Amino acid sequence: MKRFCKNFVFTEEYIRKCLSDCLKRRWRRKDVAYFLAGYAIRHKMTDKSLHDAAKSIRHYVYSDTKARKNVKKTLFPVISKDLLEEINNNCIPLRKIHYQNRTDKASGKERRIGIASIKQQVYDYIVINAIKPMLNAKIGPYQCASMKGRGQIFGKKAIERWIRKEESATKYYCKEDIYHYYPSIPRDRLKKLLARDIKNEAILKVIYRLLDTYEEGLCIGSYLCQYLANYYLSYAWHYIDNHCYTLRRGKRINMISKKLFYMDDIILFSPNLKNLKKARKMLHDFLKRKLGIRFKSENNYHRGSETIDMMGYKITRTHTTIRKRNWKRIRRLLVRYKNKARTMCRNVANKIISRNGMVKNSDSVMISRKYNIKRTLNRAKEVIRCEAKAILPAV
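Under UniProt numbering, the first residue of the sequence shown is numbered 1, with each subsequent residue one higher.
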């Protein structure tokens with residue numbers, strides 16, 4: 001059994017790179033300014049109070065790339081040295097995670113979101129960049145969500161390709177969802193699996209420290225947890241590959257011909273309904289016995305010719321459309337801002353450009369013409385172009 005990261009060593013230069021990655025798109029945030037100000041005061045780089053120092057730093061780096069480079073030169077070496085010392089001493093003080101219950105507008109579900117401190121987010125990047133080789137080796141090729149280049153569009157295109165070009169292999173499918181996946185992950189089992197695959201005590205200690213800060217299971221909203229969630233389910237992926245098969249005349253026949261995981265949403269394809277049911281039962285037993293999680297529903301079997309509702313799309317053998325509740329939100333936005341007389345703000349412009357991706361990647365040519373999406377999109381781009389020349393916040 002191969003184990004990973006055995007020669008990895010934390011260094012100041014490595015931590016500095018992770019710090020830069022973490023703060024890359026967060027420079028304008030207040031919590032980042034307070035994080036930087038705290039270290040500036042601790043190392044006597046300023047005589048100001050924490051509030052005044054944070055205000056000055058935020059104003060200084062708000063939209064000036066040269067200022068950010070200066071901060072990287074002066075503050076980053078100091079911060080990376082302190083963080084390395086904490087790792088070496090196995091003493092990482094972290095602020096308690098603040099939790100909020102938020103309603104997901106797309107699905108209507110209520111989710112408990114964890115809001116971690118910037119320092120903890122930096123540690124998330126430090127850990128993930130260290131274990132990337134292990135994650136790349138373990139996570140399956142069609143385990144989507146949170147993986148770079150493997151999002152909704154990647155998964156949608158894969159399903160389209162399978163059901164349209166390999167009809168005989170996708171006669172039946174089973175779509176499953178894991179019940180309360182993030183909160184229900186047993187952390188003790190996750191730690192055992194990490195210790196099995198990572199041969200580096202320093203990395204494991206940091207991961208365990210971060211895991212122990214969560215209320216239960218994994219934390220929704222954490223950079224570390226989205227990767228660990230995929231890693232944990234990779235054992236289910238490999239279980240299907242290694243155990244879900246039958247022998248016929250000495251030849252191996254896979255029960256599952258195609259499979260795709262979109263975080264905790266799983267879709268399994270098979271040319272044989274009997275084999276699909278058997279594989280689904282085997283997988284469910286494995287999840288309960290080995291991973292301590294379970295499927296939400298039962299007997300969720302369909303013919304391959306039926307519509308597949310997944311990742312915000314409705315996919316069939318002939319065409320792809322947008323899921324109804326998603327389309328309602330897109331249409332409402334397009335109708336409201338179709339008229340040029342209506343003023344468009346930056347937030348609305350961002351929404352229009354974001355949701356245009358769903359229209360662009362579905363068979364929605366007639367919709368584009370009917371609502372004149374191109375004109376509305378150009379307006380949104382113009383708003384963002386003007387707002388890019390941002391005025392610095394008042395001191």
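Just so it is clear, CB atoms sit at the ideal spot from N, CA and C, and this is done for glycine as well.
If you're wondering where the values come from, they're calculated on a predicted model, not measured in any experiment.
So within the region 293 to 343, which uninterrupted alpha helix (DSSP H) runs reach at least 4 residues, ignoring any that extend past its ends?
Correct list: 324 to 336.
C-alpha distance - R379 paired with R28, whole-angstrom precision
On the sequence shown, residue 379 is found 379 positions in, with the first residue counted as 1. On the sequence shown, residue 28 is found 28 positions in, with the first residue counted as 1. Going from the Cα of R379 to the Cα of R28 covers about 25 Å.
Thinking C-alpha only, which one of A33, V365, L334, I207 is nearest T320?
For the purposes of this step, residue 320 is taken as the residue at position 320 of the sequence shown. T320 has its Cα closest to that of V365, out of A33, V365, L334, I207.
Three or more C-beta pairs under 8 Å: does that hold for the region 276 to 284 against the region 186 to 200?
no
Among the residues of its own chain, which have a CB less than 7 Å from the CB of L19, if the five just before and after it don't count?
Within the sequence shown, residue 19 is the residue found at index 19, counting from 1. So the qualifying residues of the chain are F76, I79, S80, V122.
Given this structure, state the Cα-to-Cα distance separating K370 from I352, to the nearest angstrom.
Translated into the one-based positions of the sequence shown, residue 370 becomes position 370. Translated into the one-based positions of the sequence shown, residue 352 becomes position 352. Taking the straight line from one Cα to the other gives about 16 Å.
Would you kindly check if the distance between the Cβ of G155 and the Cβ of M311 is under 7 Å?
Position 311 of the sequence shown, counted from the first residue, corresponds to residue 311. Position 155 of the sequence shown, counted from the first residue, corresponds to residue 155. Yes. Within cutoff.
State yes or no: is the C-beta of S270 within less than 7 Å of the C-beta of I253?
For the purposes of this step, residue 270 is taken as the residue at position 270 of the sequence shown. For the purposes of this step, residue 253 is taken as the residue at position 253 of the sequence shown. No; because the gap between Cβ atoms is not below 7 Å, this pair is not in contact.
So what does T103 bridge to, in DSSP terms?
The residue you call residue 103 lines up with position 103 of the sequence shown. Paired residues: E110.
State the Cα-Cα distance for the pair W327 and I115, rounded to the nearest angstrom.
If you number the sequence shown from 1, residue 327 lands on position 327. If you number the sequence shown from 1, residue 115 lands on position 115. One C-alpha to the other measures close to 30 Å.
Three Cβ pairs or more, each shorter than 8 Å: is that satisfied between the region 328 to 335 and the region 344 to 360?
Yes, the region 328 to 335 is in contact with the region 344 to 360.
Please report the residue range of the alpha helix (DSSP H) in which Y231 lies.
To locate residue 231, count along the sequence shown from 1; it is residue 231. That run of the alpha helix (DSSP H) goes 223 to 243.
Tell me the DSSP bridge mates of L260?
The residue given as residue 260 occupies position 260 in the sequence shown. BP columns for L260 point to I267.
Go ahead and pull the three-state DSSP assignment for E166.
Mapped onto the sequence shown, residue 166 falls at position 166. Reduced to three states, the DSSP call for E166 is coil.
Between N372 and K338, how many whole angstroms is the CB-CB distance? I'm expecting something under 8 Å.
Stepping through the sequence shown from its first residue, residue 372 is reached at position 372. Stepping through the sequence shown from its first residue, residue 338 is reached at position 338. Going by Cβ atoms, the distance from N372 to K338 rounds to 6 Å, so yes, they are a contact pair.
Among C244, Y34, Y245, which one has its Cα closest to the Cα of L118?
Numbered from 1 along the sequence shown, position 118 holds the residue referred to as residue 118. The question names Leu, yet the displayed sequence has Ile at residue 118. Looking at the Cα atoms, Y34 is the closest of the given residues.
Going straight from the alpha carbon of H180 to that of M147, what length do you get?
For the purposes of this step, residue 180 is taken as residue 180 along the sequence shown, with counting starting at 1. For the purposes of this step, residue 147 is taken as residue 147 along the sequence shown, with counting starting at 1. Distance between the alpha carbons of H180 and M147: 21 Å.
Quick one: Cα of K175 to Cα of E160, how far?
Taking the sequence shown and counting its residues from 1, one reaches residue 175 at position 175. Taking the sequence shown and counting its residues from 1, one reaches residue 160 at position 160. Roughly 15 Å between the two C-alpha positions.
Within 10 angstroms of its Cβ, does K138 collect 16 or more other Cβ (buried), or is it exposed?
Sequence index remark: in the sequence shown, residue 138 carries index 138 (1-based). Buried is the call here.
Does the ligand PLP have even one heavy atom less than 6 Å from the beta-carbon of R16?
For the structure depicted, the ligand PLP is absent and the ligand set is empty, with no information on it obtainable.
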